[in-house]
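Accompanying notes for the structure given below.
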Amino acid sequence: MPIIQFAPFSSLINPTFWHTLTQLKIDVLKLSSDSVPITGSYTYGKTVVDRESGKEIALGSNLGLSGESFDAAHTASPHSVTVKGTLKNFNTIEEFKSSDKAALFNALADELWSSDFPEDGNKFLVLTFADLKKYKYYYWCAFPAFVVKPSWEIGEGGWEGVSSGGSFGEEDLRTIASREEPNAPFFLVRRNAGGKIETTPLIASAYPGFFTDVPEKDRYVAFIDPSSLPQNPGWPLRNLLTYLVRHSAPYTSTAASPATTSPKPPSFNIISWRDTDVPSEDGGKGWKSLLGKVYLPSAPDLGKTSAEVEKVVRWNAIGWERDGKGKMSPRLADLGGMMDPRRLADQAVDLNLKLMRWRILPALDLERVSRTKCLLLGAGTLGCYVARVLMGWGIRKITLLDSSRVSFSNPVRQPLFEFEDCLEGGKPKAECAAERLTKIFPGVDAQGITLSIPMPGHPIPANEAIVEKTKADVAKLEALIEEHDVVFLLMDSRESRWLPTLIGAAKNKLVLNAALGFDTYLVMRHGGHTPSTASEEGQGEKKKLGCYFCNDIVAPADSLSDRTLDQMCTVTRPGLASIAAASAVELMVSTLQHPLGIDAPAPPVEIATGKQSSPESGDTSYESVLGIVPHQIRGFLAQWRNMIIKGDAYSRCTGCSDIVINEYRSKGFEMLLRAFNESKYLEELTGLDRLYEEGEKALEDVDWIEEGSEEDF
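Our numbering applies: residue 16 is where the sequence shown begins, and numbers increase by one.
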């Protein structure tokens, strides 16, 4: 009788599988190479009809993997069988190549052999190495199946159609097709004493009891066959036959030793079930399932039974998948050329950031950073550099606001502009910068808005149309600040920072300030305005950090008029802006990583100045996972040094004091209009105008003691 040739499994891996593996590796596994449980699935054997010849062509016996393979709760689709598997991903290609693949394979085969496995009669192994920078995935699949000696043979008639041998009638086959658990990989079929067909899933408790008092000719063992070849059953049959032999007397492990007995060679009636639906009666092609009598020419060699462990030494197993050339070698899935370039860019942007969490900063909360919405007021030199660093941190929402156009002096200092942007009067800076950001990274949501920010010391003409436009501009700015989480003040003039400082304080937004001198710069974060809380019981309220205007003793005024050319242009050392911009973004990220966020305390003076590496009190509440969170950074390029400074909020500050915020909240635009038009309004409102008088009075109240040149002893 002919030896049975089994159709091996071939892996059919959906690109979603590699996408999910990429996310798992970056976000969960990181440097771990622990095994991960996964699932695969196979369906009934299928054929397609060749349009030219009209012949049926058998499709491959595939085991499919997809992104859902990593979801333990995922259930198989109709007419498919779920198979449990193991994935082991290696960190380097060298580890992948040098791994002990035989040991991994044998471990899975041992697990399969030792289990009572009718429900899990097949398992698989996937070894992988993921080159996440090039999107190349090296993999090798194995589907362990046991080999018996001598080999299985099929009866003289070979595999025949289930409806052609007379064993089953149409009603019998319909009964089998409508069984209760159509996705069970193996099931038992019998004809009862009344001649009716009965089925049940093959589970440990069902075999061989289901066949008690049933004649051998009326016993059938069926499996869902992924093969569609006429004389080659699928790979699952190998392990099914192994199970039947091991659980059929006298081949059980508790039977007498095969060396002292000569059991009858086993034989089984096997149904290769390949029908997903009942064939139609009007010209249908009939039943596709097959029936065959499977034999062993002699009793199998089960090995020696060990009295110590009371188990049969397992049979040899085979099942490594061959590559496309038929060699025993791994395969390669190169997705770089087939993936959407935008999606590739989106994943690549986050890759380097997520690698930080593998070894250096496991606690880094990248999601909190990436979902932060940033508003950049100013799209000039500082704005361009800040936007680029924000994208480097994975920020997806960036809005730029500016009122000017690109000039010929801009492109060499402002990296988001080109020479063509200067032509025909220049493009609006904000829109041009936003457009350039989307060209650099299509995944960013960048918007440019042309808007002029009203300023103190720059009166609004008493013209109804102009006043209404100013009011609309203020409302637009208020809405933008409300919609964003972080506001960067990157303008050229001091007074232009006042209005967003006030609005940001009133809405308790994180405001970052960056300002340039010729060879100096200032980067600072404004303090939060959440309700004050006691630092410790009995120690009073925490002091809030100041804003850009807290050190001023006069209100912001017009600093733009009556200036020479060198005063009108931003004259700074060219490398200064990128340093300040990067510092501002890094300060933002450090603040976001702190548990208190905007209310994060500044480090003590001795820590900020480097006089101590840690405070004597042991309090490190001023640190985030990225280190200290300073209040102000003042840089001096000529001396190549930075100063870390802390400044408390000033009760008479024109930008963030309670009196100004409350006046703004109660009177709104009316209060702002007075601030724009009346040069002394803010000083009178906050009490700055009384500082001089109070100082003079304080001097008068001091008792001066003039010491003599001689002392009495």
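Yeah, the Cβ is synthetic: ideal placement off N, Cα and C, and Gly gets one too.
Item                                                                                                               : Value
Which residues DSSP lists as bridging Leu-591, in chain order                                                      : Leu-591 is not bridged to any residue.
Closer than 8 Å to chain C by CB, Val-404                                                                          : Structure shown: chain C not included; a single protein chain is present.
First through last residue of the beta strand (DSSP E) which encompasses Tyr-536                                   : 535-540
Run of the beta strand (DSSP E) containing Thr-35, from where it starts to where it stops                          : That residue, Thr-35, is in no beta strand (DSSP E); its alpha helix (DSSP H) goes 30-39.
Helix, strand or coil at Glu-175 according to DSSP, with G and I counted as helix                                  : strand
Whole-Å CB distance - Cys-78 paired with Lys-61, under 8 Å assumed                                                 : The question names Cys, yet the displayed sequence has Leu at residue 78. At roughly 14 Å, the Cβ-Cβ gap does not stay under 8 Å, so Leu-78 and Lys-61 are not in contact.
Whether Ile-732 touches Ile-475 by CB criterion (8 Å)                                                              : An answer regarding residue 732 cannot be provided, because it is not within the stretch 16 to 728 covered by the chain.
Endpoints, beta strand (DSSP E) assigned at Trp-335                                                                : 332-335
Beta carbon of Val-51 nearer than 8 Å to that of Leu-102                                                           : yes
Given Pro-571 as reference, the closest of Asn-207, Ile-594, Arg-540 and Thr-701 once Cα atoms are compared        : Thr-701
Where Gly-463 falls: helix, strand or coil (DSSP)                                                                  : strand
Three CB pairs or more closer than 8 Å across the stretch 211-226 and the stretch 16-24                            : no
Proximal residues to Ile-333 (C-beta, below 8 Å), its chain only, five neighbours per side dropped                 : Pro-159, Ala-160 and Val-162
Sequence-distant residues of its chain with Cβ nearer than 7 Å to Ile-191 (five each side left out)                : Val-204, Ile-212 and Thr-214
Buried or exposed (CB count within 10 angstroms, at least 16 for buried), Met-506                                  : buried
Residue burial classification, Leu-259 (beta-carbon count within 10 angstroms, cutoff 16)                          : buried
Spatial neighbours of Ser-605 in its chain, beta-carbon cut-off 6 Å, leaving aside the 5 residues before and after : Ser-639, Leu-641 and Val-644
Nearest residue (CA-CA) to Ala-445, options Met-470, Ala-664, Val-384 and Leu-390                                  : Leu-390
Nearest-angstrom beta carbon gap, Ser-182 and Leu-306 [assumed within contact, 8 Å]                                : 6 Å
Which listed residue (Pro-377, Ala-360 and Gly-172) has its alpha carbon closest to that of Ile-455                : Ala-360
Spatial distance of Ser-130 from Asn-137 (CA atoms)                                                                : 11 Å
Ranges of the beta strand (DSSP E) found wholly within the stretch 214-274, counting only runs of at least 3       : 234-239
C-alpha gap between Arg-680 and Leu-452, whole angstroms                                                           : 35 Å
Whole-angstrom C-beta distance between Val-489 and Phe-533, which should lie under 8 Å                             : About 33 Å; that fails the 8 Å criterion.
For Gly-398 and Gln-429, the rounded distance between their alpha carbons                                          : 8 Å
Any 3 or more C-beta pairs closer than 8 Å across the stretch 353-371 and the stretch 405-413                      : yes
Cβ-based neighbour list, Arg-383, same chain, cut-off 7 Å, excluding 5 preceding and 5 following                   : Leu-607
From Ile-659, Ala-221 and Met-470, residue whose alpha carbon lies closest to that of Gln-647                      : Ile-659
C-alpha distance - Ser-68 paired with Lys-45, whole-angstrom precision                                             : 52 Å
Whole-angstrom distance between Thr-35 and Phe-111, CA atom to CA atom                                             : 20 Å
Helix, strand or coil at Val-501 according to DSSP, with G and I counted as helix                                  : strand
DSSP state of Tyr-400 mapped onto helix, strand, coil                                                              : helix
Nearest candidate by alpha-carbon position, reference Ala-394, set Ser-422, Ser-385, Met-371 and Lys-116           : Ser-422
Helix, strand or coil at Trp-655 according to DSSP, with G and I counted as helix                                  : coil
Counterpart residues of Asn-692 in DSSP-defined beta bridges                                                       : DSSP output for Asn-692 lists no bridge partner at all.
Simplified DSSP state of Arg-649, which is helix, strand or coil                                                   : strand
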